[in-house]
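Protein chains in written order, with this note's numbering: chain A, 562 to 997; chain B, 425 to 1042.
In this text, a Cβ means the ideal position worked out from N, Cα and C, and glycines have one as well.
Being a predicted model, the structure only gives us computed values, none of them experimental.
One structure is given below, encoded as structure tokens.
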Amino acid sequence: MTGLSDTIAAVATPPGKGAIGILRLSGPEALTIGARVWRGRDPRRLAGGRFSHGRMVDPETGETLDEGLLLVFRAPRSYTGEDALEFQLHGSPAVLRRGLAALTAAGARPARPGEFTLRAYLNGRLDLAQAESVLALVEAETETARRQALKGLGRELTARIAAAEAPLLDLLAHVQATLDYPEEGVEPPRVEAALEAAARELRSLLATERAGRIAREGARLVLLGPPNAGKSSLLNALLGYPRALVAPEPGTTRDYLEAPLALEGLPVQAIDTAGVRTSNDPVEAAGVRRGLELAEGADLVLWLSDQSRPQVPPPAGLDPERLLLVASKADRPPAWRDPRYLPVSARTGAGLEALKAAIRARLLGGAEEGEAWLTSARQAEALRRALGRLEAARGAPDDLLALELEAALEALAEVTGTAVAEATLDRIFANFCLGK
Amino acid sequence: MGVSRETFDVVVVGGGHAGVEAAYAAARMGARVALLTLDPGRVGAMPCNPAVGGPGKSQLVHEVQALGGLIGRAADRAAIHTRVLNRSKGPAVQSLRVQVDRDLYALAVQELLFAHPGVVPVRGEAVGFRIENGALAGVETADGRVLLAPAAVVAAGTFLAGRVWYGLRSRPAGRQGEPPARWLSRALRALGHRLMRFKTGTPPRIRADTVDYRALVEVPAERPPESFSGRPGPHAAARPTWRTHTTPRTHRLIRENLGFSPLYAGRVRAVGPRYCPSIEDKVVRFADRERHLLFVEPDGLATSEVYLQGFSSSLPPELQEAMVRTLPGFERAAIQRYAYAVEYDAVDPTEVDWGLASRRLPGLFLAGQVLGTSGYEEAAALGLLAGVNAARRAAGKAPVALPRASSYLAVMVDDLVGKGVDEPYRMMTSRVELRLLVRGDNADERLVPLGVAWGLLPPSEGERVAAKYARIGRELDRLAGLRVDGVPALLYLRRPGTGYDEVLARVGPPSEPLDREERRQVELRAKYAGYIERQERLRRRLAELERHPLPGGIDYRRVPSLSSEARERLARARPRTLAEAARLPGVRDADVTALLVYLTKREGRGGWSPASRATSSS
């Protein structure tokens, strides 16, 4: 249902990595929602055309997602003619993705294709000549999105979502049968079992979200470690050609450099960083800081520690979920052993294949290759919403249970297109002998 | 003086549940109404089971009641047993069913209806329409009379080309023992209306003194009795009802004789409702079930029949006796009236608009079973709306319609008109998306203001209801400012098992005392506040699209970027608002967008205020 009173959010800059990434938020609650995710000056107190320097945070945990600028536009003086905010952040896809998730968690809805333009048009912000092209644009965007969605929505994914829908439709039909025919001796449904079966399927599908995104957009892999741990050598070894300048003295890589890397078809952007140490050289010190920042936005961080020298543990604060430990220079006599570390020699190539396999496995998480993966943030958002409704359904009285099930099924229908009402009625009369 | 020269404002064809509400509503709005019926003595008859209400249906009765209609009041007066259903399952689905005395019910309807000076009963069969300047000008009867009127409501029930089946024998009839309307469906078809062939059935009526009640399970009446009007009738807890069930012998008998059913023998191809299956259907479709529940309902205080709900059949009378005698408690039962199936013509409901006006003949309105519904309550609610619009047409006023989010009635109309039907339509709670907002218990809040605005209700009724909900609101405000055990009183009340009375005992009563119904509202609104708020947000979102009218004259072939399916659907249904358009099957989000853009371009700038801001909230 096209709703014009919702507040909508989207990434406004093209996909991929750029210097700046912009999140756009528009609608009647834009300022309130903005205040929930922004630590800086309160957007509700800022006049239109003003900006605030500050931090974007996760509204639930308060965790900082990125630093940047917040631009405030007051209705009707915005692109859409509504209250609108623009968050200018670093252009990392990971940052923008988490920022968008924060906005939806704070109450916004992901925008549909062309929806900002549509609102701009409806609110009189575009003239008649421009208006002519709006529809074509909306249509084209919708069509592209639809085709992409269809492409992503292979038979398998549809089948897996349908596997979650089926117990819910059965349960809803059963609950409705008891509600609309209370006296006909319909056995009470087994609510918990059906909810759990559906939730399990949804959770397992959501676990593939990251894999699906990485397969689609590529992953960011950051090499981190003390100076002269062999990060650049390892990068060259992974690439199969020399890209980074290597030298025996520590601190050779003073800023960072990137190289695209394909791991059995998985696109990975590998980033070599300056070594992590306290440096007196200001240029190098900035590089070290930058390396740690890069690690924040990475999908996976390789922490290298030279096995021939005293072990250096990774700096505190790195997410262990996104950390892979490597004992480098494994061709030399070891000074320490640690089973958590994967021994690799960039010089001989020993352990290199195992490392590639480990990187791949960690990036794809538990997602089995060849199984259906979620392919868009929209799908994942719909599944998460459905899951939330299933949680609320637990222990609810029957009339609310039915409403929560309907809401969950409608969220799933955004992905699969199942018409909930008709499917339910059909099931009621197919499965239960009702009616006087 | 001859009726033949009389002129009316509205002619209502049919004296069933749709017809009487249509006539009564139109008369209350000041119209002079002719109620044309084959037998005025049968006005308000209940051809099916002697009960009013149930899940989904009782909400419709409450709505008709809020708009001043007959069905709830008549049911209360004639009640012999009441029952609250789904009491523990939540306010969205709680409902009331009232068993009535059939004769007292018809009597109550006739008394209330004919007491109104604006209603004139006319005996006769409608056979066609008088048409002038492309619009309806009157209704012609079989004996050559013409009832002149600028508006007519056809509420012919199952009488259009009705045919009654007992086994493989059939004869033309509208109901048991009553002649059908032979010509009217021909007239409707000649005007271009698409007709459908539907069927329904009734169970046998058993001689009350031949039933062994000790073998049945008794269902006691509610004490104290409940009512639709707030005033239970004098006999409202006078009778129990009972349950029994089929046995393997019943099933065997039915299976062995299926060939004698006109449906299974292929003689009747009309579509029957899935939710009202014959006992043959139940036995065949659910072959693994060993028994089916049956409900034994007394027909009245003094009547000699009981109604065997759940046992409708089209098998031959000779067999019915044997079938009935396989049921516990019915071993020596005698059938007083045999079960029969009836097939009849119904008008495809997409042939009317959201105001129930025919798309083929201006001035003609349709309501009830003739429009593809099933059930007294559905018929009554549609009849009321058709009556309102017929009276408005006679008075030269624009028709009214209800947004889907307003009522069960509006959901039903929207389903019928927007989607059409392929079986008789029955109201169910599951059809109503916003059923936590749209409840039986707040029908007065939702609809009385409309009833006053339409002239159905006196302004004093509007003031009474406004005062009631103001008191409820003030009490909720008061509770919001009080604490129980350090917890805000409203939150305390939300705890499972906590009631308003308990909170009152702790914080003291309000300065103005609340009656039982008002106290119930306070508790319900406090307990369900979160859900109600969520549905309220959804309603506001839907309401935006309701605010975009679609002018009648749109040529959908000229709207750019519509899908061809949407073009066809829109051109046929001619929705009045963007909301109605969005709900049509085959109209997708992209089509709604195209319509929005087309509308703003067509209307130019300035007159259009962005919907988004009108509903903005904190």
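How many Å lie between Gly492(B) and Asp500(B) at the Cα? 14 Å
Simplified DSSP state of Arg1026(B), which is helix, strand or coil: helix
At the level of alpha carbons, what is the spacing between Gln534(B) and Asp567(B)? 25 Å
Identity of the residue in Ala469(B), Val467(B), Glu445(B) and Val434(B) nearest Ala455(B) by Cα: Val434(B)
Any beta-carbon of chain A closer than 9 Å to the one on Ser830(B)? no
Anything in the region 938-964 of chain B with a Cβ closer than 7 Å to a Cβ of chain A? List those residues in chain order, please. Tyr955 and Arg964
Euclidean distance between Cα positions of Leu969(B) and Ile504(B): 45 Å
Cutoff 8 Å; reference Gly910(A); Cβ partners in own chain excluding five residues on either side: Ala798
Closest Cβ-Cβ distance between Thr739(A) and chain B: below 9 Å? yes
Residues of the region 726-753 of chain B with a CB closer than 7 Å to any CB of chain A: list them in chain order, please. Gln733 and Gly734
Counting along the chain, where does the beta strand (DSSP E) carrying Leu863(A) start and finish? Leu861 to Asp867
From Asp909(B) to Lys892(B), what does the alpha carbon distance come to, in whole angstroms? 29 Å
In chain order, what residues of the same chain lie with their CB nearer than 7 Å to the CB of Val983(B), ignoring the 5 residues before and after it? Ala1018, Leu1019 and Tyr1022
When burial is assigned at 16 or more other CB atoms within 10 Å of the CB, is Ile920(A) buried or exposed? buried
Paired residues, beta bridge with Arg830(A) - DSSP: Note that residue 830(A) is Gln in the sequence shown here, rather than Arg. Beta-bridge pairing links Gln830(A) to Arg781(A) and Pro821(A).
How would you list, in chain order, the residues of chain A whose beta-carbon sits under 9 Å from the beta-carbon of Val563(B)? In chain order: nothing, as chain A lies at least about 35 Å away.
Measure the C-alpha to C-alpha separation of Ser1041(B) and Leu964(A) and round it to an integer number of angstroms. Residue placement at Ser1041(B) is flagged as unreliable, the pLDDT there being 32, under the threshold of 50; a coordinate-derived value is accordingly withheld.
Can you tell which of Ser906(A), Arg923(A) and Gly779(A) has the C-alpha that lies nearest to the C-alpha of Leu796(A)? Ser906(A)
Sort Gln940(A), Gly588(A) and Val656(A) by Cα distance to Val976(A) and report the nearest one. Gln940(A)
Helix, strand or coil: which one does DSSP assign to Glu590(A)? coil
If Ile569(A) and Arg670(A) are in contact, beta carbons under 8 Å, what's the gap, nearest whole angstrom? 5 Å
Give me the Cα-Cα distance between Ser519(B) and Lys481(B), rounded to the nearest whole angstrom. 8 Å
Inter-stretch contact (C-beta, 8 Å, three-pair minimum) for the region 568-587 of chain B and the region 658-678 of chain B: no
So, do the region 827-846 of chain B and the region 802-813 of chain B have three or more beta carbon pairs nearer to each other than 8 Å? yes
Return helix, strand or coil for Gln733(B), following the three-state DSSP convention. strand
Beta carbon proximity, Phe622(B) to chain A, threshold 9 Å: no
Determine contact between the region 653-663 of chain B and the region 761-780 of chain B, defined as no fewer than three beta-carbon pairs at a distance below 8 Å. no
Which same chain residues end up closer than 8 Å to Gln872(A) when comparing Cβ atoms and leaving out the 5 residues on each side of it in sequence? Ser866, Ala896, Trp897 and Asp899
Buried/exposed call for Glu753(A), threshold 16 Cβ in 10 Å: exposed
Considering Leu717(B), what are the terminal residues of the beta strand (DSSP E) in which it resides? Leu717 to Pro722
What are the boundary residues of the beta strand (DSSP E) that includes Val508(B)? Ala503 to Leu509
Pull up the distance between the alpha-carbon of Arg749(B) and that of Gly625(B), whole angstroms please. 20 Å
Is there a Cβ from chain B that is less than 9 Å from the Cβ of Ala943(A)? no
Just to confirm the assignment, what range does the beta strand (DSSP E) spanning Ile1048(B) have? Nothing in the structure corresponds to residue 1048(B), since chain B is present only between 425 and 1042.
Below-9 Å beta-carbon distance, Ser988(B) vs any chain A residue: no
Check the Cβ-Cβ distances between Asp567(A) and every residue of chain B, and say whether any is below 9 Å. yes
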